[in-house]
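Numbering (full-length UniProt numbering), first residue to last: 1 to 508.
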């Protein structure tokens with residue numbers, strides 16, 4: 001008569017069968033050995049192997065879940081977007097245009113020049129060497145911008161039709177229909193800036209060399225009108241210069257001329273040779289790059305980490321001080337807030353705002369920038385960096401001064417509506433002879449931007465330790481410490497199934 005063994009006997013039977021047939025090293029020795037000490041020794045060896053497996057597997061898993069990366073660099077010959085180019089006249093105001101506005105009692109320029117400036121000057125004169133010296137800021141071009149309505153500041157600055165008197169890109173004339181290629185950018189330092197985008201002509205670079213790049217001729221309007229009263233930025237490191245501020249940035253992105261630009265001189269032709277680097281970053285879990293296509297507060301611009309930082313700095317100043325900084329881009333929801341340098345005839349309130357602006361700005365970069373909050377401004381997952389090789393030469397050469405005026409300025413059908421023509425004639429005594437005149441070299445500059453190579457350096461962030469590496473290392477570890485394989489794991493699974501089924505079956 002068959003009897004059902006106890007559960008303990010059944011488990012012992014299955015373990016004996018497993019040890020005698022398994023491919024795992026060591027377990028067979030435990031079952032076959034007749035000496036108890038040897039059995040115990042092999043059992044201890046097997047347990048030590050399990051400890052070794054656990055220790056090394058934990059190290060492997062920790063390394064895998066750290067999601068390490070490394071950078072792979074390679075050169076590729078691929079199409080690369082031609083960058084956007086933002087240009088600003090370094091001298092923002094044209095006094096000849098600002099004076100009529102200042103004489104009109106219906107303008108904010110009149111209030112600024114006739115009421116605010118005299119009051120500030122008297123306040124400083126009555127309180128020398130006091131805290132009120134700080135409010136002398138209102139007498140600068142920055143203070144002018146902060147205390148005008150936007151339309152009046154724009155009217156007193158350089159118009160696109162006057163600033164850009166020549167333009168060619170990829171061998172095509174971009175002077176016609178300039179509004180199609182240039183977009184306006186208001187800037188607190190340079191007032192009227194303009195961004196050239198090649199999207200409507202050829203979004204990608206069409207070749208190498210200056211003949212297929214971008215060439216712009218600028219009229220700087222430096223010789224007319226004198227200085228606007230009170231506008232001298234004694235503490236500025238970028239003002240009182242003659243030339244053009246140039247910023248080269250990713251296509252469709254928001255530029256920051258003050259922080260990212262460089263200057264080109266009047267009377268010179270400046271060549272900017274570009275080489276492109278494509279930067280590919282990984283997102284979660286390997287990295288923290290941003291997949292955002294645009295800025296939430298300025299959706300018309302493509303996302304960049306640098307612009308994100310500036311926008312959040314502006315938000316911090318607004319929350320901290322109740323005003324916005326003229327040096328930073330303005331998010332859409334803050335467009336109706338006053339500038340921190342707006343003078344509303346309350347001396348103490350004005351002082352409080354401009355002091356708060358400075359403190360909040362440094363606070364953002366010194367405190368908030370290093371906190372977790374700034375993780376919202378991660379680098380874009382895909383972007384381009386443009387290395388610049390800048391050189392310059394005197395231009396136009398003395399022998400070509402007259403030819404330049406005749407062929408570039410005087411030959412324009414619309415010349416009588418262009419300041420480059422009307423102002424030069426007025427300043428030259430209505431004479432069209434510029435053979436010996438410095439007016440050409442003082443008032444014109446040329447910029448050439450082009451690629452020097454069609455090769456693109458691609459910098460890719462790649463995973464250093466992927467799932468295939470993980471499985472390989474785990475298999476090697478288990479094999480090293482216990483001689484186990486995938487089949488051994490299946491044997492263990494079968495054993496577990498048999499043991500769990502013992503209560504339900506008879507053993508013959």
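The C-beta atom is built at its ideal place from N, Cα and C for all residues, glycine as well. Values in this document were obtained by computation on a predicted structure and should not be read as measured data.
If you run the structure through DSSP and keep just helix, strand and coil, what is residue 85? Reduced to three states, the DSSP call for residue 85 is strand.
Which runs of the alpha helix (DSSP H), 4 residues or longer, sit entirely within the stretch 342 to 386? Within the stretch 342 to 386, the runs of alpha helix (DSSP H) that reach at least 4 residues and sit entirely inside it are, in chain order, 347 to 366.
Would you check if the stretch 300 to 314 and the stretch 251 to 264 touch, i.e. whether three or more CB-CB distances between them fall below 8 Å? Yes, the stretch 251 to 264 touches the stretch 300 to 314.
Residue 68: which of 199, 461, 453 and 333 sits nearest, CA to CA? For the residues 199, 461, 453 and 333, the minimum Cα distance to residue 68 belongs to 461.
Bridge-paired residues (DSSP) for residue 70: Residue 70 is bridged by DSSP to 462.
Over the uninterrupted alpha helix (DSSP H) stretch that includes residue 326, give me the two end residues. Here residue 326 belongs to no alpha helix (DSSP H), and DSSP marks it neither H nor E.
Distance between beta carbons of residue 56 and residue 452, contact taken as under 8 Å: Not quite, the Cβ-Cβ distance comes to about 51 Å (not below 8 Å), so this is no contact.
Residue 159 and residue 201 - do their beta-carbons sit closer together than 8 Å? Contact: no.
CA-to-CA distance, residue 103 to residue 126, given in whole angstroms: Near 27 Å, if we compare the C-alpha coordinates of residue 103 and residue 126.
Residue of 52, 190 and 366 minimising C-alpha distance to residue 241: If we check each option's Cα against that of residue 241, 190 comes out closest.
Length of the line joining the Cα atoms of residue 341 and residue 360: Their Cα atoms are separated by approximately 14 Å.
As an exercise, report each continuous alpha helix (DSSP H) stretch of at least 4 residues that is fully enclosed by the stretch 384 to 420, in chain order. Here the runs fully enclosed are 401 to 404.
Determine, using beta carbons only, whether residue 365 and residue 212 come nearer to each other than 8 Å. Residue 365 is not a Cβ neighbour of residue 212, given a cutoff of 8 Å.
With DSSP as the reference, label residue 305 as helix, strand or coil. In the structure shown, residue 305 adopts helical secondary structure according to DSSP, grouped into three states.
Could you check the C-alpha separation between residue 456 and residue 70 for me, to the nearest Å? Cα to Cα, residue 456 sits roughly 19 Å from residue 70.
Residue 187 lies in the beta strand (DSSP E); which residues open and close that run? It spans 182 to 187 - the beta strand (DSSP E) in which residue 187 sits, taken as one unbroken run.
Under three-state DSSP, which class holds residue 318? It is helical.
Taking buried to mean at least 16 other C-beta atoms within 10 Å of its own C-beta, is residue 147 buried or exposed? Burial call: buried.
Which residue wins for smallest C-alpha separation from residue 257, given the options 86, 119, 426 and 291? Cα-wise, what sits closest to residue 257 is 86.
According to DSSP, residue 536 sits in a beta bridge with which residue or residues? Here the chain has residues from 1 to 508 only, and residue 536 is not among them.
What does the alpha-carbon distance come out to for the pair residue 109 and residue 124? Those two C-alpha atoms are separated by around 21 Å.
Residue 297: which of 314, 291, 331 and 405 sits nearest, CA to CA? Measuring from the Cα of residue 297, the nearest candidate turns out to be 331.
With a cut-off of 8 Å, do at least 3 Cβ pairs link the stretch 276 to 291 to the stretch 335 to 350? They do not touch, by the three-pair rule.
Taking C-alpha atoms, which residue in 88, 63 and 467 lies nearest to residue 192? Shortest Cα-Cα distance from residue 192 to any of 88, 63 and 467 involves 88.
Between residue 382 and residue 309, is the Cβ-Cβ spacing less than 8 Å? Against a cut-off of 8 Å, the Cβ pair of residue 309 and residue 382 comes out as no contact.
Residue 1 versus residue 37: straight-line alpha-carbon distance, rounded: Because residue 1 sits at a pLDDT of 46, beneath the cut-off of 50, its placement in the model cannot be relied upon, and the point is left open.
Grab me the residues of residue 376's own chain with a C-beta within less than 6 Å of its C-beta, minus the 5 sequence neighbours each way, in chain order. Within the same chain, residue 376 has no close Cβ partners at all.
Rounded straight-line distance, which links the Cα of residue 265 to that of residue 400: Approximately 18 Å, taken between the alpha carbons.
Nearest-angstrom Cα distance between residue 430 and residue 115? Spanning the alpha carbons of residue 430 and residue 115 requires a straight line of approximately 37 Å.
Report the residue from 181, 327, 246 and 415 whose alpha carbon sits nearest the alpha carbon of residue 262. In this structure, 246 is the residue among 181, 327, 246 and 415 with its C-alpha nearest to the C-alpha of residue 262.
Only counting the same chain, and skipping five residues up and downstream in sequence, which positions put a Cβ closer than 7 Å to that of residue 415? 409 and 421, listed in sequence order.
Just the Cα atoms here: how many angstroms apart are residue 328 and residue 82? Taking the straight line joining both Cα atoms gives about 26 Å.
Rounding to the nearest angstrom, what Cα-Cα distance links residue 41 and residue 284 in this structure? Spanning the alpha carbons of residue 41 and residue 284 requires a straight line of approximately 47 Å.
Determine the burial state of residue 120: buried for a count of at least 16 other Cβ atoms within 10 Å of its Cβ, exposed for fewer. Buried, by the Cβ-count rule.
Please state the DSSP three-state secondary structure of residue 526. Outside the displayed range of the chain (1 to 508) lies residue 526, so it cannot be described from this structure.
Per DSSP, which residues does residue 192 bridge with? Please list them. In the DSSP output, where bridge partners are listed per residue, residue 192 has 186.
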